[in-house]
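Taking it in order: structure first as C-alpha coordinates, then the write-up.
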Amino acid sequence: MSSGKKRLAKRYLFLCAGLLIMSFGVAFSIKGGLGTSPISSLPYVVSLLTPLTVGTATICLHCILILLQILILRKNYDPIQLMQLPVAIIFGYLTDFAVWAIQGIGVSSYLNQWIYCIIGILLVGTGVSFEVTAGVVTVAGEGFVLAVCKAFPVKFANMKISFDVTLVLISCILSLAFLGGLYGVREGTIAAALCVGLTAKQMNKVLGKFADRYLN
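Numbered by the working numbering, the letters in the sequence shown go through residues 333 to 548 in order.
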(Lines of atoms letter the chains of each structure in order from A; the text may use other names.)
(Lines give C-alpha, C1' and ligand atoms only; values in the text may rest on other atoms or scores of the structure.)
Protein backbone atom coordinates (compact mmCIF):
# COMPACT_ATOMS: atom_id res chain seq x y z
CA MET A 333 0.00 0.00 0.00
CA SER A 334 1.36 3.41 -0.95
CA SER A 335 2.04 6.04 1.70
CA GLY A 336 -0.84 8.14 0.37
CA LYS A 337 -3.33 5.29 0.76
CA LYS A 338 -1.99 4.55 4.24
CA ARG A 339 -2.55 8.17 5.28
CA LEU A 340 -6.07 8.09 3.86
CA ALA A 341 -6.84 4.80 5.63
CA LYS A 342 -5.61 6.24 8.93
CA ARG A 343 -7.77 9.32 8.46
CA TYR A 344 -10.89 7.21 7.80
CA LEU A 345 -10.14 5.12 10.88
CA PHE A 346 -9.80 8.35 12.83
CA LEU A 347 -13.17 9.47 11.45
CA CYS A 348 -14.78 6.17 12.51
CA ALA A 349 -13.36 6.65 16.01
CA GLY A 350 -14.96 10.09 16.06
CA LEU A 351 -18.31 8.66 14.97
CA LEU A 352 -18.16 6.08 17.76
CA ILE A 353 -17.39 8.76 20.36
CA MET A 354 -20.14 10.98 18.97
CA SER A 355 -22.67 8.14 19.03
CA PHE A 356 -22.07 7.56 22.74
CA GLY A 357 -22.46 11.29 23.25
CA VAL A 358 -25.91 11.11 21.67
CA ALA A 359 -26.76 8.05 23.77
CA PHE A 360 -25.78 9.76 27.03
CA SER A 361 -27.80 12.84 26.05
CA ILE A 362 -30.84 10.64 25.48
CA LYS A 363 -30.23 8.82 28.77
CA GLY A 364 -30.05 12.13 30.63
CA GLY A 365 -33.48 13.12 29.34
CA LEU A 366 -32.70 16.84 29.32
CA GLY A 367 -32.71 17.17 25.54
CA THR A 368 -30.28 16.14 22.84
CA SER A 369 -28.11 18.28 20.58
CA PRO A 370 -30.06 20.13 17.83
CA ILE A 371 -28.99 17.72 15.04
CA SER A 372 -30.15 14.71 17.08
CA SER A 373 -33.39 16.23 18.39
CA LEU A 374 -35.42 15.50 15.25
CA PRO A 375 -34.32 11.84 14.87
CA TYR A 376 -35.07 11.28 18.54
CA VAL A 377 -38.60 12.71 18.27
CA VAL A 378 -39.20 10.72 15.07
CA SER A 379 -38.09 7.57 16.91
CA LEU A 380 -40.79 8.25 19.53
CA LEU A 381 -43.45 8.72 16.86
CA THR A 382 -42.57 5.78 14.60
CA PRO A 383 -41.18 2.24 14.83
CA LEU A 384 -37.79 3.61 13.72
CA THR A 385 -34.84 3.55 16.10
CA VAL A 386 -32.90 6.74 16.78
CA GLY A 387 -30.09 5.44 14.59
CA THR A 388 -32.37 4.60 11.68
CA ALA A 389 -34.11 7.98 11.96
CA THR A 390 -30.67 9.61 11.94
CA ILE A 391 -29.75 7.78 8.74
CA CYS A 392 -33.02 8.92 7.12
CA LEU A 393 -32.39 12.56 8.11
CA HIS A 394 -28.85 12.42 6.73
CA CYS A 395 -30.11 10.93 3.44
CA ILE A 396 -32.57 13.83 3.09
CA LEU A 397 -29.78 16.33 3.78
CA ILE A 398 -27.53 14.67 1.19
CA LEU A 399 -30.33 14.86 -1.39
CA LEU A 400 -30.89 18.53 -0.57
CA GLN A 401 -27.18 19.22 -1.09
CA ILE A 402 -27.39 17.67 -4.56
CA LEU A 403 -30.49 19.71 -5.42
CA ILE A 404 -28.93 22.95 -4.15
CA LEU A 405 -25.51 22.58 -5.79
CA ARG A 406 -26.55 20.63 -8.93
CA LYS A 407 -23.52 20.60 -11.29
CA ASN A 408 -21.31 22.04 -8.56
CA TYR A 409 -21.94 19.07 -6.28
CA ASP A 410 -18.72 17.17 -5.61
CA PRO A 411 -19.38 13.40 -5.95
CA ILE A 412 -16.84 12.71 -3.19
CA GLN A 413 -19.45 14.07 -0.79
CA LEU A 414 -21.52 10.95 -1.47
CA MET A 415 -19.19 9.43 1.11
CA GLN A 416 -21.53 11.14 3.55
CA LEU A 417 -23.95 8.25 2.93
CA PRO A 418 -21.77 5.41 4.32
CA VAL A 419 -20.72 7.77 7.12
CA ALA A 420 -24.40 8.33 7.95
CA ILE A 421 -25.12 4.59 7.93
CA ILE A 422 -22.14 3.84 10.19
CA PHE A 423 -23.11 6.65 12.56
CA GLY A 424 -26.72 5.50 12.66
CA TYR A 425 -25.84 1.92 13.57
CA LEU A 426 -23.24 3.08 16.10
CA THR A 427 -25.86 5.32 17.73
CA ASP A 428 -28.25 2.38 18.15
CA PHE A 429 -25.37 0.32 19.55
CA ALA A 430 -24.47 3.07 22.03
CA VAL A 431 -28.09 3.46 23.17
CA TRP A 432 -28.22 -0.32 23.72
CA ALA A 433 -24.85 -0.41 25.48
CA ILE A 434 -25.82 2.09 28.21
CA GLN A 435 -29.46 1.08 28.59
CA GLY A 436 -28.77 -0.48 31.98
CA ILE A 437 -27.49 2.78 33.49
CA GLY A 438 -30.00 4.25 35.91
CA VAL A 439 -31.12 7.87 36.29
CA SER A 440 -31.85 8.70 39.91
CA SER A 441 -32.01 12.50 40.13
CA TYR A 442 -31.98 15.78 38.25
CA LEU A 443 -28.30 16.16 39.10
CA ASN A 444 -27.74 12.71 37.66
CA GLN A 445 -29.51 13.82 34.48
CA TRP A 446 -27.18 16.80 34.17
CA ILE A 447 -24.11 14.59 34.66
CA TYR A 448 -25.21 12.41 31.74
CA CYS A 449 -26.04 15.52 29.71
CA ILE A 450 -22.57 16.98 30.31
CA ILE A 451 -20.93 13.66 29.44
CA GLY A 452 -22.99 13.65 26.23
CA ILE A 453 -21.93 17.18 25.34
CA LEU A 454 -18.25 16.44 25.94
CA LEU A 455 -18.39 13.25 23.89
CA VAL A 456 -20.26 14.85 20.98
CA GLY A 457 -17.83 17.78 20.96
CA THR A 458 -14.86 15.40 21.02
CA GLY A 459 -16.38 13.33 18.23
CA VAL A 460 -16.90 16.43 16.11
CA SER A 461 -13.25 17.35 16.66
CA PHE A 462 -12.17 13.88 15.51
CA GLU A 463 -14.30 14.32 12.37
CA VAL A 464 -12.82 17.73 11.61
CA THR A 465 -9.26 16.54 12.29
CA ALA A 466 -9.73 13.49 10.02
CA GLY A 467 -10.45 15.93 7.19
CA VAL A 468 -11.82 13.35 4.75
CA VAL A 469 -15.56 14.00 4.52
CA THR A 470 -18.07 16.15 6.36
CA VAL A 471 -21.17 14.71 7.99
CA ALA A 472 -24.43 15.46 6.19
CA GLY A 473 -25.59 18.21 8.56
CA GLU A 474 -22.44 20.25 8.13
CA GLY A 475 -22.39 19.41 4.43
CA PHE A 476 -25.87 20.85 3.99
CA VAL A 477 -24.88 24.08 5.74
CA LEU A 478 -21.77 24.37 3.55
CA ALA A 479 -23.84 23.71 0.42
CA VAL A 480 -26.23 26.54 1.24
CA CYS A 481 -23.32 28.89 1.95
CA LYS A 482 -21.74 27.93 -1.37
CA ALA A 483 -24.94 28.55 -3.34
CA PHE A 484 -26.11 31.68 -1.55
CA PRO A 485 -24.41 34.70 0.08
CA VAL A 486 -24.85 33.41 3.63
CA LYS A 487 -22.19 33.26 6.34
CA PHE A 488 -21.48 29.79 7.72
CA ALA A 489 -22.06 30.78 11.36
CA ASN A 490 -25.43 32.37 10.57
CA MET A 491 -26.55 29.42 8.46
CA LYS A 492 -25.43 26.93 11.12
CA ILE A 493 -27.51 28.72 13.74
CA SER A 494 -30.51 28.87 11.40
CA PHE A 495 -30.16 25.18 10.60
CA ASP A 496 -29.99 24.16 14.26
CA VAL A 497 -32.92 26.40 15.22
CA THR A 498 -35.00 24.96 12.35
CA LEU A 499 -34.36 21.38 13.49
CA VAL A 500 -35.26 22.27 17.07
CA LEU A 501 -38.45 24.06 16.01
CA ILE A 502 -39.56 21.11 13.88
CA SER A 503 -38.82 18.78 16.79
CA CYS A 504 -40.84 20.98 19.17
CA ILE A 505 -43.81 21.17 16.81
CA LEU A 506 -43.89 17.41 16.22
CA SER A 507 -43.40 16.70 19.90
CA LEU A 508 -46.15 19.06 21.08
CA ALA A 509 -48.57 18.03 18.34
CA PHE A 510 -48.23 14.27 18.61
CA LEU A 511 -46.67 13.52 21.99
CA GLY A 512 -48.42 16.12 24.11
CA GLY A 513 -45.21 17.63 25.49
CA LEU A 514 -41.61 18.51 24.78
CA TYR A 515 -39.37 15.51 24.21
CA GLY A 516 -35.77 15.66 23.03
CA VAL A 517 -35.72 19.44 23.42
CA ARG A 518 -35.05 20.87 26.87
CA GLU A 519 -32.42 22.80 28.77
CA GLY A 520 -29.83 20.26 27.71
CA THR A 521 -30.44 21.15 24.07
CA ILE A 522 -29.50 24.77 24.79
CA ALA A 523 -26.43 23.62 26.71
CA ALA A 524 -25.42 21.39 23.80
CA ALA A 525 -25.93 24.19 21.26
CA LEU A 526 -23.65 26.46 23.31
CA CYS A 527 -21.00 23.99 24.49
CA VAL A 528 -20.48 21.32 21.80
CA GLY A 529 -18.70 23.80 19.54
CA LEU A 530 -16.55 25.08 22.42
CA THR A 531 -15.57 21.52 23.35
CA ALA A 532 -14.68 20.74 19.75
CA LYS A 533 -12.60 23.93 19.52
CA GLN A 534 -10.56 22.99 22.59
CA MET A 535 -10.08 19.43 21.38
CA ASN A 536 -8.95 20.67 17.97
CA LYS A 537 -5.87 22.18 19.62
CA VAL A 538 -4.87 18.78 21.01
CA LEU A 539 -5.86 16.66 18.03
CA GLY A 540 -4.23 19.05 15.58
CA LYS A 541 -0.84 18.18 17.02
CA PHE A 542 -1.72 14.48 16.91
CA ALA A 543 -2.76 14.76 13.26
CA ASP A 544 0.47 16.53 12.31
CA ARG A 545 2.46 13.67 13.81
CA TYR A 546 0.44 10.57 12.96
CA LEU A 547 -2.03 11.34 10.15
CA ASN A 548 0.20 13.16 7.65
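C-beta: ideal position from N, C-alpha, C; glycine also.
What you are looking at is a predicted structure, and each value in this text was computed from that prediction instead of being measured.
message: Tell me the DSSP secondary structure of Thr388 in three-state form.
response: helix
N- and C-terminal bounds of the alpha helix (DSSP H) containing Gln435: Here Gln435 belongs to no alpha helix (DSSP H), and DSSP marks it neither H nor E.
- request: List the endpoints of the continuous alpha helix (DSSP H) containing Leu511.
  value: Where Leu511 is concerned, there is no enclosing alpha helix (DSSP H), given that its DSSP letter is neither H nor E.
- prompt: Rounded C-beta distance between Cys449 and Gly516? I'm assuming under 8 angstroms.
  reply: Actually they are not in contact, since the Cβ atoms of Cys449 and Gly516 sit about 12 angstroms apart, beyond 8 angstroms.
- prompt: Is the segment 467-477 touching the segment 396-408 in the sense that three or more CB pairs, one from each, lie closer than 8 angstroms?
  reply: yes
task: For Ala466, I'd like the list of residues in its chain whose CB is within less than 6 angstroms of its CB, leaving aside the five on either flank, ordered along the chain.
output: Arg343, Phe346, Leu347
Neighbourhood of Cys392 by C-beta distance below 8 angstroms, restricted to the same chain and skipping five residues each side: Pro375, Val378, Leu384
message: Among Leu506, Ala349, Cys481, whose alpha-carbon lies nearest the alpha-carbon of Leu539?
response: Ala349
message: For a quick check, are the C-beta atoms of Ser507 and Leu501 less than 7 angstroms apart?
response: no
message: Just to confirm before moving on: does the CB-CB distance between Gln445 and Gly387 stay below 7 angstroms?
response: no
- prompt: Beta-carbon of Ile422 versus every beta-carbon of chain B: anything under 7 angstroms?
  reply: Absent here is chain B; the protein component of the structure consists of one chain.
message: Here's the rule: buried if 16 or more other CB atoms are within 10 angstroms of the residue's CB, otherwise exposed. What is Ser503?
response: buried
query: When you compare only the Cα positions, how much space is there between Ala523 and Thr458?
result: 15 angstroms
message: What would DSSP say about Phe484, mapped onto helix, strand or coil?
response: coil
message: Do Phe360 and Gly436 have their beta-carbon atoms positioned less than 7 angstroms apart in this structure?
response: no
query: Along the chain, where does the alpha helix (DSSP H) that runs through Asn408 open and close?
result: Here Asn408 belongs to no alpha helix (DSSP H), and DSSP marks it neither H nor E.
task: Assign Gln416 to one of two classes, buried (16 or more other C-beta atoms within 10 Å of its C-beta) or exposed (fewer than that).
output: buried
query: Using a Cβ-Cβ cut-off of 7 angstroms (strictly less than) and excluding sequence neighbours within five positions of Phe510, which residues of its own chain qualify?
result: Leu381
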